[in-house]
Each structure stands twice: as structure tokens, then as C-alpha cells.
Amino acid sequence: MPTSSHPTQQLAPGLSGRAWVIVRDELTAPVMGSGSEPVYATPAMVALMEAAAVEAVERHLPDGQISLGIEISVDHIAATPVGQTITAIAQLIEIDGRKLTFAVEAHDGIEAIGRGRHVRVAVDRERFAKRLAAKSTAPG
Numbered sequence: 020m021p022t023s024s025h026p027t028q029q030l031a032p033g034l035s036g037r038a039w040v041i042v043r044d045e046l047t048a049p050v051m052g053s054g055s056e057p058v059y060a061t062p063a064m065v066a067l068m069e070a071a072a073v074e075a076v077e078r079h080l081p082d083g084q085i086s087l088g089i090e091i092s093v094d095h096i097a098a099t100p101v102g103q104t105i106t107a108i109a110q111l112i113e114i115d116g117r118k119l120t121f122a123v124e125a126h127d128g129i130e131a132i133g134r135g136r137h138v139r140v141a142v143d144r145e146r147f148a149k150r151l152a153a154k155s156t157a158p159g
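Here's what the structure looks like:
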């Protein structure tokens, strides 16, 4: 059922979300193909930051709306060994129509290991699914 409200109407800057993970071997750079040292991989950190952003906003979107990540720019500033717990925090800092911009940070309990900016866009889940299905059946 379509809603007349704007998909981001229930959102406000300041919303925040968290996600955490314990660094396991499968989250290290050699396994993820992003380096040779057995430390927490940058792609894993990026995924955790996105998960924190999803946690911050998706529960506030109207029924039938989801958010999709469209941009991320982060610095991975410190290495973390296997066994440490990583916590990512995303704070909504700007809303521009359907576009949601977050400040993101990751910490390993000892120091900040990453920080940056992440952008998501609010979309209609059904419309997105239809476009994806059409793309799946397209030649090429």
C-alpha cells in the first residue's frame, strides 16, 4: 500500500546505530583478498559500518521502504588482530530528499580503527525488487 508521506519524513539528523563483530579468521585481509597480514580486513570494516547505518534508520522508514548503500569513503587507520571485538557506529548527519548521509566510525576497544562517510538512499522495496528482477532476465 503506497504511503503519501515522504520516505524520509520519520528521520532526523542525530539518529544512530551500532553493529559489532568479533574478528575471526574469515574476516581477515588474506581470506577476504585485501592484503597479506592476518588482521581485520577493510572490506569487513566497511560492511560493519553499513550495518550500523542500516540499524540506525531502517526501523524508522515507512512500511515498504528500505535503504540502499550508494557511496562510502573511509580511512582504515589502525590494524586489529583476530579475537578483538569491533564496534561500528553510524550517525545520520544529513538528509537531502531520499539521500541519507552518515558519519561512520569503527573502534576495536583500544583505539579508533576507521572513520568516514557513508551515503544511503531510501527506496520502495517492491519497485526495487521489480527493477532487479527485470535486470536478472535481461540478456547480457
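In the working numbering, the protein residues as written are 20 to 159. Positions of the beta carbon are idealized from the N, C-alpha and C atoms, including for glycine. As the structure is a prediction and not an experimental result, all values here were calculated from the model.
For the alpha helix (DSSP H) containing residue 63, name the first residue and the last one.
Segment 61-76, the alpha helix (DSSP H) holding residue 63.
Could you pull the start and end residues of the beta strand (DSSP E) that residue 92 belongs to?
For residue 92, the uninterrupted beta strand (DSSP E) run begins and ends at 84-95, by DSSP.
Is residue 22 buried or exposed, if buried means 16 or more other CB atoms sit within 10 Å of its CB?
Only weak support is given to the placement of residue 22: the predicted model assigns it a pLDDT of 43, under 50, and the value that follows is read from those uncertain coordinates. For residue 22, the number of other beta carbons within 10 angstroms of its own is below 16, and it is reported as exposed.
In the structure shown, what three-state DSSP assignment does residue 17 receive?
The chain is shown from 20 up to 159; residue 17 falls before or after that span and cannot be answered.
Roughly how many angstroms separate the alpha carbons of residue 87 and residue 141, rounded to a whole number?
Here the alpha carbons of residue 141 and residue 87 stand approximately 7 Å from one another.
Residue 111 to residue 47, Cα distance in whole Å?
Rounded to the nearest angstrom, the gap between the Cα atoms of residue 111 and residue 47 is 28 Å.
Using only the alpha-carbon positions, how far apart do residue 31 and residue 79 sit?
Cα to Cα, the separation comes out at about 10 Å.
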